[in-house]
Every structure is written in C-alpha cells, then in structure tokens.
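Participant:
In this note's numbering, the protein residues as written are 38 to 290.
#1: Give the secondary structure of residue 102 by DSSP, where H, G and I count as helix, E and B as strand, and everything else as coil.
#2: Going by other Cβ atoms of all chains shown within 10 Å of its Cβ, with 16 needed for buried, is residue 273 buried or exposed?
#3: Check whether the Cβ atoms of residue 41 and residue 73 lie closer than 7 angstroms to each other.
#4: Please name the residue in 285, 246 and 55 whose C-alpha comes closest to that of residue 235.
#5: Going by other Cβ atoms of all chains shown within 10 Å of its Cβ, with 16 needed for buried, is residue 84 buried or exposed?
#6: According to DSSP, what are the bridge partners of residue 267?
#7: Name the DSSP bridge partner or partners of residue 210?
#8: Find the nearest neighbour of residue 277 within the set 251, 191, 195 and 63, judged by alpha-carbon distance.
#9: Over the uninterrupted alpha helix (DSSP H) stretch that includes residue 74, give me the two end residues.
#10: Quick check: the region 55 to 71 against the region 105 to 112, are there 3 or more CB pairs under 8 angstroms?
#11: Can you tell me whether DSSP reads residue 64 as helix, strand or coil?
#12: Measure the beta-carbon distance from residue 196 to residue 242 and round it to whole angstroms, keeping in mind my assumption that it falls under 8 angstroms.
#13: When burial is assigned at 16 or more other CB atoms within 10 Å of the CB, is residue 190 buried or exposed?
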C-alpha cells in the first residue's frame, strides 16, 4: 500500500557541495517519507555504496526508499522498492548469466519480469516485472525475492503507458511533465493538470504528479485526482531542502 504523498527524487549533483546523505537527512527530519534514489550515472558498486547508508537512514524514519532501475541493489540494501523509467519496462525473455554475475534482459511483449541488466547502458540497468513463468538459477531467485518484497513504481508520460503499467501490476506511477520543468528536459510538452484529471478517472493505481510542481501548484494536482506529488529540483538543493520539503508537506495536508 502506498501511504506517502510526497515522493522525493534525488540528484546529488544539484545538492553539491552538500552531500546527498546530509540533504536526505534534512528531508527526513522535515517529514519526507518516500525517496527515489535516481543517480543514473553510477555503476552498480558505486550505487550500492551510496544507497546503503541512505537505506539505513530511511529505516530510522520508517521511510520508503526506491532505487531507480537496479533491482539487485534495491534487494541488497533492503529498499522498499524499485522505480522503473518508461524505457525499462519489458518482459523477461531470457537472462543468460554473464561473467560478472549480471543478467542480460531481452524484451518481448508485455508483462513484468525482474532482472538486473547491464546489456545496454553499462551502469547496471535493472528492470522489474513479475515473470509469469518460472525462471531457474540466480536470476529466478532474484525475481522471486523481488516479487515478494519490492514495490514497483513506474514513470509514465502518456495515457497508453499508464494503462499498460496498471495492467502489468505496477504499485504506482508518476505522470509527467505536468508543467514545464528544467529537471527532466526532452519529455515533450507539459501534459497539464486537465490531462492529469482525465488520467485519474481512467486508472485506479496511485498517480504522482511530476514536473514543475511547486508548493503553490500542489492543490491543483491533488484536486485533479493525484495521490501525491513527486519533486526533484524543488528540494534537491545544497541549502534549505528541509524547509522547502515542509512547504510541500504543508500544501499536501
């Protein structure tokens, strides 16, 4: 069950020179209870080293930590779940083990399969789905662990993606960009609050409005049917992150 309304997405580069763990601690002190660790430029070992203390800090606050893409890191640090970008949704076709223990993901059709993939981007892409057929070996064990323990969040940018993610069993989605944003350029024009309202009537899973959400815009998104809001640039700052998080949380009450 998704119990949070503020979904914080990290970007350690925006926090510099303040360390990401310091900023996250401020956000947790302010009342944030859900974080997505989205540090896509890190390889798997570096991501694990960054995620481990963050996961420990989140547990102290009973906060949910989601790891972007990397299922194995999510499992290894005891995260609440994984968050999958729209490009990482695929069905597990085969997963031959490579020399470093990583698995290659091939895509076919719909459905959910979980496997760690380093086949295309070199930074340990993880793709999580619930495989309808048994998979043996270490990959099968990983899928089983993931399906039993991890919640799945998915990024969506249109109605078709949102409906597919719901059909495949996602626990929640982000829908973006609601407004124009500097955090995630290249995702097309703003979809707007009106489309958010239409989508909320067509899917039942929780929708988190993302993209250009300021505290002043929270009410419009919630009135449109969002379960909450997701923010990156609004709180990823070397100073004042906690105070800004409080403004969002106040707007969500």
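Think of the CB as a built atom: it goes at the ideal place given N, C-alpha and C, for glycine as much as any other residue.
Facilitator: Reading from the atomic positions:
#1: Position 65 of the chain shown, counted from the first residue, corresponds to residue 102. The answer is strand: DSSP assigns residue 102 an E or B state.
#2: Translated into the one-based positions of the chain shown, residue 273 becomes position 236. By the neighbour-count rule (16 or more Cβ atoms within 10 Å), residue 273 is buried.
#3: Position 4 of the chain shown, counted from the first residue, corresponds to residue 41. Position 36 of the chain shown, counted from the first residue, corresponds to residue 73. It is not a contact, given that the beta carbons lie outside the stated cut-off.
#4: The residue you call residue 235 lines up with position 198 of the chain shown. Of the listed residues, the one whose Cα sits closest to residue 235 is 246.
#5: If you number the chain shown from 1, residue 84 lands on position 47. Answer is buried; the Cβ neighbour count reaches 16.
#6: As a working note, residue 267 is residue 230 in the chain shown. Looking at the DSSP assignment, residue 267 forms a beta bridge with 44 and 247.
#7: Translated into positions along the chain shown, residue 210 becomes position 173. Note: residue 210 sits in a beta bridge opposite 191 and 244.
#8: In the chain shown, residue 277 corresponds to position 240, counting from 1. Closest option to residue 277, Cα to Cα, is 63.
#9: Here residue 74 is taken as the residue at index 37 of the chain shown, counted from 1. Counting along the chain, residue 74 falls outside any alpha helix (DSSP H), though it belongs to the beta strand (DSSP E) covering 71 to 74.
#10: no
#11: Against the chain shown, residue 64 aligns to sequence position 27. Three-state DSSP puts residue 64 in a helix.
#12: Here residue 196 refers to the residue found at position 159 when the chain shown is read from its first residue. Here residue 242 refers to the residue found at position 205 when the chain shown is read from its first residue. So it is not a contact: roughly 13 angstroms between Cβ atoms.
#13: The count along the chain shown starts at 1 and reaches residue 190 at position 153. Label assigned to residue 190: buried.
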